[in-house]
Ligand code: BYC
Ligand code: FE
Ligand code: FE
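Numbering (this note's numbering), first residue to last: 18 to 491.
Structure below.
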């Protein structure tokens, strides 16, 4: 196995598909269904245009980001695994210290398949959720970033489908087909996890999703990258290299909105951003409330027997489990981890959950700490502009559908709300959506131009000038 990628193959790969005729044929048989899915449920109205995209041509540092114009249906979706770590040992749980598995241990088959399917399901879901945003793009630059994220999420689907085909036989094939059949937001065939059925109707939704939901992706992938099942670990490690860009699209997108809003507020006698055609900060806060709480639900319950099983069996570790110096030990057989639960009369109780059962909570807490950094970045832009407003992450009790606070009414500050109507007042309203849609009623597609509700881009793509022709329309 090398790090070089066979690009001439119908399915580009570094897993020697050419040497495994059966697997190659199975994947080639799935490919037309994938392409049909992409044409029907991928980015709307942009399939004939040439997009300035990065494609992996090798998995090493130089090779994985190669930029060129490509029509999206011709994108080199493929199968790329991070290079193998020689003599890799399982880092945690009961099998700690044993050699990582190259094949699926029989007794873990069903559990592992479910983890892979759950992960795989989110990838096409996000493409479906975002398919109409092109018609509202604030700039060519942003349009290109959106489409980059979309093709990479579609490649993440390939990453999981490869595992299903190569390790799960007929069940795997059926699951791979089902991944193209479930559909985001469809009542009868919804995607598996909640956040992936919510509409991403506006660019504010998209930037919040890329900040908060893609960051859940980062943490889930990082914990699966610790897996004792080596092919899963290696495919997740490569996916993580792509994820960093998605997070940066989200965080810089919101930062640009915040900077623009601050500018408009300064211009207005009443510091009213909306009067100047911008996005006001309370509206932005409601979108943060929505996407952060939806994303917390993706971590599962803080006390979870499933999570304990994943850890005990070596399938899913903690964040950076194998990084030296992060954790004192890797068995988690002792001690507990404090989580909150609701007590009588709106009181909050703290309870120590046995460590292995609390790994969802540990991952979620690490995630929240990282989200705080995005908020600090946005607030810095406000402070620099002299605006006295602080954006905040809502309390993890707010607006939950999973875990001990599911269905209870809490305010974003963590105090009990009167009822769920009060909770709803802190979430995006229909009027918020209509206002954003009115700002984004047509795309801004002239080179170097940008919609008036968002600041100019601040980060270059492959060192190109900001007025670069990121999309060449057919
Ligand atoms: N919605 O023990 P529990 C990404 C179910 S994002 C619906 O609390 P567990 C991306 C659960 O299945 C990363 N159902 O949780 C981002 C269980 O059902 P059963 C996606 C839910 O099992 C942006 C029950 O409730 N990756 O990549 O530890 C763009 C109790 O479960 C939900 C993964 O999720 C929910 N939110 O599950 C593109 C990694 N939460 O057993 C892509 C794979 C829980 O009672 N999945 N349930 O029937 C996992 O690691 C785990 O399954 C979960 C937590 C993290 C989902
Ligand atoms: Fe992904
Ligand atoms: Fe992503």
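No residue lacks a Cβ here, since even glycine has one placed at the ideal position from N, Cα and C.
What does the Cβ neighbour count give for residue i, buried or exposed, with the cut at 16 atoms within 10 Å?
i	result
residue 248	buried
residue 416	buried
residue 475	exposed
residue 37	exposed
residue 446	exposed
residue 350	exposed
residue 268	buried
residue 490	exposed
residue 14	No answer is possible for residue 14: the residues shown for the chain start at 18 and end at 491.
residue 139	buried
residue 457	buried
residue 250	buried
residue 259	buried
residue 123	exposed
residue 9	The structure shown does not extend to residue 9, since the chain spans only 18 to 491, so no value can be given for it.
residue 317	buried
residue 52	exposed
residue 299	exposed
residue 405	exposed
residue 162	buried
Ordered along the chain, which non-local residues of its own chain (more than five positions away) have a Cβ less than 7 angstroms from that of residue i?
i	result
residue 338	108, 109, 243, 344 and 347
residue 29	22, 23, 93 and 95
residue 26	34 and 35
residue 359	365, 421, 422 and 425
residue 469	294
Given residue i, which residues of its chain have a CB within under 6 angstroms of its CB, disregarding the five upstream and five downstream residues?
i	result
residue 85	none
residue 263	166, 227 and 231
residue 190	none
residue 43	182
residue 111	329
residue 72	83 and 93
residue 414	422, 427 and 431
Could you give the residue range of the alpha helix (DSSP H) that holds residue i?
i	result
residue 385	376-401
residue 452	447-456
residue 138	126-146
residue 83	From DSSP, residue 83 is part of no alpha helix (DSSP H) but of the beta strand (DSSP E) over 83-88.
residue 54	38-58
residue 224	220-225
residue 329	322-329
residue 168	157-184
residue 255	247-284
residue 306	298-313
residue 294	Here residue 294 belongs to no alpha helix (DSSP H), and DSSP marks it neither H nor E.
residue 234	231-242
residue 441	437-441
Does the beta carbon of residue i fall short of 7 angstroms from some heavy atom of ligand 2?
i	result
residue 17	Residue numbering for the chain in the displayed model covers 18 to 491; residue 17 lies beyond these limits and cannot be assessed.
residue 424	no
residue 234	yes
residue 256	yes
residue 262	no
residue 140	yes
residue 173	yes
So if DSSP puts residue i in a beta bridge, which residue, or which two residues, is it bridged to?
i	result
residue 106	116
residue 489	67
residue 356	368
residue 96	30
residue 23	30
residue 72	83
residue 433	427
Between residue i and ligand 1, is the CB less than 7 angstroms from at least one heavy atom?
i	result
residue 321	yes
residue 333	yes
residue 314	yes
residue 512	Residue 512 falls outside the range modelled here, since the chain spans only 18 to 491, and no answer is possible.
residue 162	no
residue 416	no
residue 143	yes
residue 211	yes
residue 324	yes
residue 200	no
residue 135	yes
May I ask whether a heavy atom of ligand 3 can be found less than 7 angstroms away from the beta carbon of residue i?
i	result
residue 363	no
residue 267	no
residue 387	no
residue 231	yes
residue 32	no
residue 343	no
residue 166	yes
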